[in-house]
Amino acid sequence: MEFFLVLPLLLLLLAFPLYLGRYMLHYSTAQAAAASAADYLSRIPLGDITSTYKAPGAAAIATEIVDEMLADLRPGGAPPLVTIQCDGFSCGSAAKPATVTVRIYLTVEDLFFRDVTQMTLPVNVTVEVPYRGR
Numbered sequence: 011m012e013f014f015l016v017l018p019l020l021l022l023l024l025a026f027p028l029y030l031g032r033y034m035l036h037y038s039t040a041q042a043a044a045a046s047a048a049d050y051l052s053r054i055p056l057g058d059i060t061s062t063y064k065a066p067g068a069a070a071i072a073t074e075i076v077d078e079m080l081a082d083l084r085p086g087g088a089p090p091l092v093t094i095q096c097d098g099f100s101c102g103s104a105a106k107p108a109t110v111t112v113r114i115y116l117t118v119e120d121l122f123f124r125d126v127t128q129m130t131l132p133v134n135v136t137v138e139v140p141y142r143g144r
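Sequence positions in the sequence shown follow my numbering and run 11 to 144.
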């Protein structure tokens with residue numbers, strides 16, 4: 011009988027650790043996805059990364075790497091936003107980039123206790139890698 015009285019309190023105490031675990035899973039996966047995409051972009055040949063025709067294709071492949079790695083996550087809300095830049099601008103300029111940056115922004119909603127907690131936290135991941143292409 012007492013268990014039924016304590017059960018709602020135990021469920022409320024369980025809500026935050028479960029959400030924190032989901033949040034950390036999303037953050038670590040987004041960090042790994044951004045690092046993989048930035049590593050790929052940093053190894054693109056110089057002729058491709060500075061070409062206005064080939065650089066958007068390389069950026070699309072990097073975005074596909076991120077999308078593939080984040081495909082199993084269910085953050086809730088809007089899909090993840092991926093931004094790819096070379097020296098702070100879109101890739102494809104005439105100069106050799108010094109750095110390649112991949113940014114991922116997503117929000118993680120509480121799926122288990124949505125009606126009780128209404129928790130939503132943003133995940134912002136930025137990975138900046140020096141350009142190593144030749």
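By construction, the Cβ of each residue, glycine as well, lies at the ideal position given by its N, Cα and C atoms.
Check residue i in the structure and name its three-state DSSP category.
i: PRO132; result: strand
i: THR117; result: strand
i: TYR50; result: helix
i: ALA81; result: coil
i: GLY31; result: helix
i: PRO55; result: coil
i: ALA68; result: helix
i: TYR37; result: helix
i: PRO90; result: coil
i: THR73; result: helix
State the beta-bridge partners of residue i as determined by DSSP.
i: GLN95; result: THR111
i: PRO140; result: THR109
Please look up how many angstroms separate the CB atoms of residue i and residue j, rounded, as I've assumed it's under 8 Å.
i: TYR141; j: LYS106; result: 7 Å
i: LEU121; j: VAL133; result: Their Cβ separation, rounded to whole angstroms, is 15 Å, which puts LEU121 and VAL133 out of contact at 8 Å.
i: SER103; j: THR60; result: 7 Å
i: ALA68; j: ILE114; result: The Cβ separation is near 17 Å, so there is no contact.
i: THR111; j: GLU138; result: 5 Å
Which term fits residue i, buried or exposed, when burial requires 16 or more other beta carbons within 10 angstroms of its beta carbon?
i: SER52; result: buried
i: VAL16; result: exposed
Handout entry: Inter-stretch contact at 8 Å, needing at least 3 Cβ pairs: the segment 16 to 25 / the segment 58 to 78
Key = no
Problem - Segment contact, 8 Å Cβ cut-off, at least three pairs: the segment 74 to 89 with the segment 54 to 64 - result: The segment 74 to 89 vs the segment 54 to 64: no contact.
Problem - Three or more C-beta pairs below 8 Å linking the segment 32 to 39 and the segment 58 to 68 - result: no
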